[in-house]
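Sequence lines, in order, name chains A and B.
Residue numbers for the first sequence follow our numbering, beginning at 1 and rising by one.
Residue numbers for the second sequence follow our numbering, beginning at 1 and rising by one.
Since the structure comes first, as structure tokens, the remarks are kept for the end.
Number of protein chains: 2
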Amino acid sequence: MNSKPTRKDALGNRERILTVARDALAASTSASLTAIAKQAGVGIGTLYRHFPTRESLILELYRHDIQQLIDLAPALLESHPPLAALRRWFEEVARYGRLKYGVAEVIHAATNGGLDDEYYQPFVDAIAVLLNAGSAAGSLKPDLVPEDVLLQLSVLWRIDPARDGEARAARILTLVIDGLLAKPTTST
Amino acid sequence: MNSKPTRKDALGNRERILTVARDALAASTSASLTAIAKQAGVGIGTLYRHFPTRESLILELYRHDIQQLIDLAPALLESHPPLAALRRWFEEVARYGRLKYGVAEVIHAATNGGLDDEYYQPFVDAIAVLLNAGSAAGSLKPDLVPEDVLLQLSVLWRIDPARDGEARAARILTLVIDGLLAKPTTST
DNA sequence: TCCGTAATCGGAGGGGTCTCCGGTTCATTC
DNA sequence: GAATGAACCGGAGACCCCTCCGATTACGGA
């Protein structure tokens, strides 16, 4: 994306934009970029050079949390059997979705795959690891496509937490997971 | 929504807007409302009075197709066993999603439930009918929530048909349906 | 220290969405 | 055939997104 500005004024601007954006977007997800730029004391053009799209700005803000989610997947696999790890990880994703409901819309766009792989791919990889472990253990179907599962998960990002969000997320997670389970070996 | 304008000038305007909008949106989903209004020979204000949101306009255009999908559900149940009916109906929804990919984004918003129930509820009802039939027959889980299933289906609306859309939709449908199946009666 | 230049700045501008409200017109009543 | 008021028209205006490009400035070399 934006490897690193070399000039220190540019760097300062970038930092200032991020700080202001964090507050502004926390207050209202739909905060205008115009306002953020103004408040950060830069022109709108500068903001757009640093963050070409609204999503890229938001993703940068949440990059940290997202990374944590991604790192969690292998960690869970070390302390749980694959199926349990999968479920726990899904729950964590759901919780994050509930927390950042406002942000969801944007990340949802990212989930679509139209976005730079930089953010998308690690997520897919994390899922792939979980799925592979499950397949190897025989508890999950063998040929699952991680992108498909991510797409299914993206639904979690759209549950209104105010309206029975937690219960609903749990129900849907169950549906998704059951869909991934290896069919009960019909023959011996 | 907009029950019916009583004055004939209003009605004419409404009709003209719809006609123009159908063409314009077919050409490009992101056609500007400003342009549509201009081409229809009405002020932008008039367009907005008739269709308060962009979605309401689009939904009105596609109301017909949507109704057909809804009517299909009970029809399928009469000629197929519940599970087969469900799958066929899902496939039809997927196909429609593929056809109107551009429109999807908007309908997706509707699917969210934030929209007027006028469009949302019939869809939920159609699903409920299918689910109930399956539950009664014992092939589906007993306490499925149609809204949950609709949410899962909404994912179909976001598959890029250009990139392996058909196969992907099929895969995901399988996952969703498998998640709905009654667990194989473990005992006995 | 001074300079050239490429990176950076930032706002004007084109296009959109949606609201608001003074002016206009239909439909009804007398 | 008026008259009148409710319904409707439509564009100006407020705000936003994003691009483009002339002006500005920091940084490395002479």
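Glycine included, C-beta positions come from ideal geometry on N, C-alpha and C.
Which residues of chain B have a Cβ atom closer than 7 Å to the Cβ of residue i, listed in chain order?
i: Arg-54(A); result: Residues of chain B passing the Cβ test: none, with the nearest at roughly 16 Å.
What does a CB cutoff of less than 8 Å around residue i pick up in its chain, not counting 5 residues either side in sequence?
i: Val-149(B); result: Ile-127, Leu-131, Val-176 and Leu-180
i: Gly-113(A); result: In this prediction, Gly-113(A) scores a pLDDT of 49, lower than 50, which makes its location untrustworthy; no coordinate-derived value is stated.
i: Ala-40(B); result: Asn-13, Arg-16, Ile-17, Thr-19, Val-20, Ala-21 and Leu-47
i: Asp-9(B); result: none
i: Leu-140(B); result: Pro-82, Leu-83, Leu-86, Leu-131, Gly-134, Leu-180, Leu-181 and Ala-182
Going along chain A, which residues have a C-beta under 7 Å from residue i?
i: Gly-179(B); result: Leu-175, Val-176, Asp-178 and Gly-179
For residue i, go through chain B and note every residue whose CB falls closer than 8 Å to its CB, in chain order.
i: Val-193(A); result: Missing from the structure shown is residue 193(A); chain A here goes from 1 to 188 and no further.
i: Arg-171(A); result: Val-145 and Asp-148
Would you call the CB atoms of residue i and residue j closer than 8 Å?
i: Glu-147(B); j: Val-129(B); result: no
i: Ala-169(B); j: Leu-153(B); result: no
i: Ile-58(B); j: Val-42(B); result: no
i: Pro-122(B); j: Ile-70(B); result: yes
i: Ala-24(B); j: Ala-35(B); result: yes
i: Asp-143(A); j: Tyr-96(A); result: no
i: Leu-61(B); j: Trp-89(B); result: no
i: Leu-83(B); j: Arg-54(B); result: no
i: Arg-171(A); j: Val-145(B); result: yes
Which residue marks the beginning of the alpha helix (DSSP H) containing residue i, and which one marks its end?
i: Gln-157(B); result: According to the sequence displayed, residue 157(B) carries Trp and not Gln. Here Trp-157(B) belongs to no alpha helix (DSSP H), and DSSP marks it neither H nor E.
i: Ala-169(A); result: 165 to 180
i: Val-93(A); result: 82 to 99
i: Gly-45(B); result: 44 to 50
i: Thr-34(A); result: 33 to 40
i: Arg-54(B); result: 54 to 79
i: Lys-8(B); result: 8 to 27
Only counting the same chain, and skipping five residues up and downstream in sequence, which positions put a Cβ closer than 6 Å to that of residue i?
i: Leu-77(A); result: Ala-85 and Ala-133
i: Ala-31(A); result: Ala-24 and Leu-25
i: Arg-98(A); result: Pro-161 and Gly-165
i: Arg-7(B); result: none
i: Ala-37(A); result: Ile-44 and Leu-47
Using a Cβ-Cβ cut-off of 7 Å (strictly less than) and excluding sequence neighbours within five positions of residue i, which residues of its own chain qualify?
i: Gly-138(A); result: Ala-182
i: Pro-52(A); result: none
i: His-80(B); result: Arg-88
i: Pro-74(A); result: Val-129
i: Val-93(A); result: Leu-69, Leu-153 and Leu-156
Report the CB separation of residue i from residue j in whole angstroms; it is logged as a contact under 8 Å.
i: Asp-178(B); j: Asp-178(A); result: 7 Å
i: Glu-91(A); j: Leu-173(A); result: 7 Å
Cβ closer than 9 Å: which chain A residues qualify as neighbours of residue i?
i: Arg-168(B); result: Val-145, Glu-147, Asp-148 and Leu-151
Taking 7 Å as the cut-off, is the CB of residue i close to at least one heavy atom of the ligand NAP?
i: Asp-178(B); result: This structure simply doesn't include the ligand NAP, nor any ligand for that matter.
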